[in-house]
Amino acid sequence: SDKLELIRQSFETGKPVEARRTFDQLRQPGKSESTRKTAETAFENIDKPLRDGIARWKEAVAQRPDAYSAHEELAQLAEKRDELELAAAHFREAWKLRPQHRAFLLDMGRVLKGLGRAEESVTALLAASRGAEPRTAEKARELLPERYPYVYEFEKALALDPTNTPLRREL
């Protein structure tokens with residue numbers, strides 16, 4: 001159908017998360033047999049590499065828990081597969097191992113926001129929005145609430161990122 005073709009194009013143009021979610025919905029009961037069958041195949045084509053990648057990176061993290069890049073890869077795949085708790089945990093681990101890489105704070109904030117954990121999200125995003133490389137800071141500001149942050153939010157962000165001089169200065 002036309003909808004399946006649009007979803008396929010969505011996947012091919014770099015939006016696999018949205019395509020995976022939509023294919024997942026279309027493979028549920030209540031749809032025509034042909035739509036369900038096509039959606040199931042398309043869903044598996046997207047989901048299987050994510051599942052396999054997550055399994056590989058979990059193994060890599062178990063073997064080398066101090067390798068920030070393994071945590072990062074695992075978190076990215078988990079986010080693409082809507083395993084947001086797993087993604088948040090491994091973005092946090094990557095941040096602990098590489099605190100100077102504030103893009104992990106942006107990633108963590110985005111995932112926590114997706115989980116509905118607004119307060120934790122603001123903490124990470126606020127830290128990422130100050131003192132990070134310009135692109136990371138800009139993306140973090142876009143995800144923050146439109147109001148100016150409260151003092152306690154600055155304090156929590158500093159507790160998370162104590163070496164963030166611009167954040168400390170602004171507080």
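Residue numbers (the working numbering): 1 to 171. Think of the CB as a built atom: it goes at the ideal place given N, C-alpha and C, for glycine as much as any other residue.
Would you check if there are 3 or more beta carbon pairs closer than 8 Å linking the stretch 67-75 to the stretch 30-40? no
Is it right to say V122 is buried, meaning 16 or more other beta carbons lie within 10 angstroms of its own, or is it exposed? buried
What would DSSP say about K31, mapped onto helix, strand or coil? strand
Which of helix, strand or coil does DSSP assign to G114? helix
For the pair the stretch 80-98 and the stretch 128-145, tell me if three or more CB-CB distances fall below 8 Å. no
Let me know if A88 comes out buried or exposed under the rule of 16 or more other beta-carbons within 10 Å of its beta-carbon. buried
E93, buried or exposed, once every other Cβ within 10 Å from all chains shown has been counted against 16: buried
Report yes if the C-beta distance between R168 and L158 is below 8 Å; otherwise report no. yes
Excluding the 5 residues preceding and the 5 following K80 in the sequence, name in chain order all residues of the same chain whose CB lies nearer than 8 Å to its CB. P16, V17, R20, L50
Is G109 near A140, with beta carbons less than 8 Å apart? yes
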